[in-house]
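Per mature numbering (1 follows the signal peptide of the UniProt record, and there is no 0), the sequence shown runs over residues -17 to -1, 1 to 270.
All C-beta atoms in this analysis are idealised placements derived from N, C-alpha and C, irrespective of residue type, glycine included.
All values reported here derive from a predicted model rather than from experimental measurement.
Working notes for the structure below.
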Amino acid sequence: MRSVVWSLMTVAAVAVAGCNNSSSPASSTGTDGTDASAPATAAHSVTGTVTLRGGITPSPQDKLDISIVDVTAQGSAPLATKQIAPATTFPQQFELDFNPANVATNDLYIVQAQLTDGDRHYMMPLQVPVLTKGNPTANVNIELAPEQTPGEKQLVAFLGVQKQIGGMKRTAGTKLEQNASRAWQVFRDGGEVKFIRELVDYGDKGFTSTDYAYKDGKPWVAQQQHKPSQNAKPTAVDTAGWGDDGSLVLKTHEAGGSSSPLGDSDAQNLQQQAKDILNMATGGKGK
């Protein structure tokens, strides 16, 4: 009986000793002498490259804005932001630094980039996830594509109206002046003047063919061709367009195969011509 009791006590003592030894966590050492069981160092930056689609070269006045945004927590402040100005060399390298403690590991983060060059904006056609959920923190490739400027959008809309005038109600008129011979066609839709095409022969001083488009009785876009004579090819084309608030949105001067901004005074002159022909062609009614 005693031998049995002694054996049980011995087993219990050995078990207690084993428990005491297992209370300390096991550790292993890597080949470089570091603790191999320690967690990997959290990322503190995102690096990558920005390219421009089409090989476009922006002006020295451009600026590139890049940020890391938490799309899961919408409305939250960006994790990191940087502005590069000017950013005239592309591909453009970038590095966005941040505090790893601010990263929510279960959230989705993306890089947002935008290049602004005057009225021209270059945006990302596709989102680029980074940082969490297995997404990269280095060698991130971002492509920016140019968007239409407000003026370019207005010109496209103007050309669309120009193609539709064949289906509008048309009236015509002429006027002989001291130094010019003037003729016009007025195009109406729903009782409202939408378009006027005016031809003016200045004799030895040349010829102009001008298309005017209107919105709510106000000049919207005017495009004027300057020619030596009626049947000659244009030597220059001036285009101006105005927003709902009257601000100048579209202004281009094309001559000799190149394009440049139309001067404000020339744009104002076109706007006044648009008002004058509307008044003349409608007998002062404006419609």
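Secondary structure at Ser230: coil, using DSSP grouped into helix, strand and coil. In terms of Cα proximity to Thr55, the closest of Asp45, Asn122, Asn89 is Asn89. For Gly189, there is no enclosing alpha helix (DSSP H), as DSSP marks it with neither H nor E. Note: Ile49 is bridge-paired with Lys65, Ala96 in the DSSP secondary-structure output. Counting only the Cα atoms, Ile179 lies some 59 Å from Ser28.
Scanning Ala25, Gly246, Pro129, Ser243 for the CA closest to the CA of Gly37 turns up Pro129. In the pairwise beta carbon analysis, the segment 127 to 146 is classified as touching the segment 36 to 53: at least three pairs are separated by under 8 Å.
Annotation: Met107 is outside any beta strand (DSSP E) and is labelled neither H nor E by DSSP. Take Asn85, set aside five residues on each side of it, and the residues of its chain with a beta-carbon closer than 8 Å to its own are Leu62, in chain order. According to DSSP, Ser28 shares a beta bridge with Asp80.
A straight-line Cα-Cα distance of about 32 Å links Ala196 and Pro41.
Annotated as proximal: Pro133 and Val232, with beta-carbon spacing under 8 Å. Taking the Cβ atoms as the reference, Val33 lies roughly 7 Å from Phe73, within the contact range of under 8 Å. In the three-state reduction of the DSSP assignment, Asp90 falls in the coil class, being assigned neither a helical nor a strand state.
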